[in-house]
Amino acid sequence: MRLEVKPAFVIGILGAESTGKTLLSSTLRDALSTGGRRVAVVSEYLREFCDLQGRTPIEAEQAGIAAEQSHRIDEAAQTHDIVIADTTALMIAVYSEIVFGDTSLYASAIEAHRRCGITLLTALDIPWQADAHQRDGPHVREPVDALVRAALLKAQLPYAVVSGSGERRLESALLAVKHALDESSSEDEARANPLWKWVCERCGDANCERHLLPRIG
Numbered sequence: 001m002r003l004e005v006k007p008a009f010v011i012g013i014l015g016a017e018s019t020g021k022t023l024l025s026s027t028l029r030d031a032l033s034t035g036g037r038r039v040a041v042v043s044e045y046l047r048e049f050c051d052l053q054g055r056t057p058i059e060a061e062q063a064g065i066a067a068e069q070s071h072r073i074d075e076a077a078q079t080h081d082i083v084i085a086d087t088t089a090l091m092i093a094v095y096s097e098i099v100f101g102d103t104s105l106y107a108s109a110i111e112a113h114r115r116c117g118i119t120l121l122t123a124l125d126i127p128w129q130a131d132a133h134q135r136d137g138p139h140v141r142e143p144v145d146a147l148v149r150a151a152l153l154k155a156q157l158p159y160a161v162v163s164g165s166g167e168r169r170l171e172s173a174l175l176a177v178k179h180a181l182d183e184s185s186s187e188d189e190a191r192a193n194p195l196w197k198w199v200c201e202r203c204g205d206a207n208c209e210r211h212l213l214p215r216i217g
């Protein structure tokens with residue numbers, strides 16, 4: 001019997017480089033593809049661009065890459081029950097600010113990101129790994145993480161931090177997705193634990209959750 005969920009439920013996966021977004025997208029798809037649900041992963045268009053061009057984009061190409069990412073998410077949402085976006089245009093906006101000092105892409109990126117039913121932010125608790133053209137280095141991860149959090153909070157977009165490695169990371173993501181898909185369950189938990197919130201005044205501070213994360217090294 002097919003499990004009923006709202007059509008075109010979009011899961012936006014955001015995070016700094018080398019934080020397991022692509023692997024999480026794949027494992028989430030496998031875990032959610034039950035009961036006849038049609039689940040799609042929309043891969044990161046920036047990676048495709050870099051592989052095809054053999055380089056990272058210049059400033060003038062950023063807006064087009066962001067628009068193409070949003071377009072592919074919209075297309076997948078027309079024919080699937082759940083769409084897992086790895087990632088959204090918001091990451092392009094963040095890197096435009098980091099690399100070029102350009103903040104002009106945030107408005108359209110936030111507007112596109114609002115279609116996500118839940119946002120998962122991958123924590124910085126797994127080691128950085130080099131990856132051809134796309135990786136800037138481990139020193140960039142914390143500034144990127146801070147800008148993603150700031151953008152989400154400014155736009156009042158709630159998010160769940162996904163931490164741990166392997167099965168633990170997947171379980172963390174699935175718990176957050178389960179709350180988003182089952183509103184009564186999340187409301188029940190919020191009532192049972194009034195201190196628990198999707199967004200709080202400390203959400204922009206990575207140190208707030210750092211005591212929960214395993215040490216690297």
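Quick note: the sequence shown uses full-length UniProt numbering, first residue 1, plus one each step. For glycine and all other residues, C-beta sits at the position ideal for the given N, C-alpha and C.
Kindly list the residues whose CB is nearer than 6 Å to the CB of residue i, restricted to its own chain and excluding five residues on each side of it in sequence; keep chain order.
i	result
Thr22	Asp86
Val148	Leu14, Val94
Gln69	Tyr45, Ala89
Ala40	Ala76, His80, Val83
Phe100	Glu59
Thr122	Gly15, Thr19, Gly20, Lys21, Val162
Span of the alpha helix (DSSP H) holding residue i?
i	result
Ala153	In the sequence as displayed, the identity of residue 153 is Leu instead of Ala. Residues 141-154.
Ile73	62-77
residue 250	Shown here, the chain extends from 1 to 217; a query on residue 250 therefore has no answer.
Asp30	21-32
Leu175	167-181
Can you tell me where the beta strand (DSSP E) with residue i in it begins and where it stops?
i	result
Thr119	116-122
Ile84	82-85
Specify the secondary structure class of residue i as computed by DSSP and reduced to three states.
i	result
Ala16	coil
Ile110	helix
Ala8	coil
Ile92	helix
Leu3	Confidence is the limiting factor: at Leu3 the pLDDT is only 44, short of 50, which leaves the residue's position unreliable, though a coordinate-based value still follows. Of the three classes helix, strand and coil, the one that applies to Leu3 here is coil, per DSSP.
Ile126	coil
Counting only beta-carbon separations shorter than 7 Å, does residue i have a partner in chain C?
i	result
Pro127	Absent from the structure: chain C. Only one protein chain is present.
Below 8 Å on the Cβ atoms is my guess for residue i versus residue j; work out the distance and round it to an integer in Å.
i	j	result
Gly20	Arg169	6 Å
Arg115	Val10	6 Å
Leu120	Ala66	Contact doesn't hold; Cβ gap of about 19 Å is too wide.
His113	Gly12	6 Å
Asp102	Ser96	4 Å
residue 221	Gly117	The structure shown does not extend to residue 221, since the chain is modelled only from 1 through 217, so no value can be given for it.
Excluding the five sequence neighbours on either side, which residues of its own chain have a C-beta within less than 8 Å of the C-beta of residue i, listed in chain order?
i	result
Glu171	Gly164
Glu61	Phe49
Ile73	Val10, Val42, Val83, Ala85, Thr88, Ala112, Arg115
Ser33	Val39
Gln78	Ala8
Taking only heavy atoms of the ligand HEM into account, decide whether any of them is closer than 6 Å to the Cβ of residue i.
i	result
Leu121	In the structure on display, the ligand HEM does not appear, and there are no ligands present to speak of.
Give me, in chain order, the residues of the same chain whose beta-carbon lies closer than 7 Å to that of residue i; leave out the 5 immediate sequence neighbours on both sides.
i	result
Leu152	Thr119, Tyr159
Ala155	Ile110
Ser26	Val41
Ala31	Leu170, Leu174
Ser104	none
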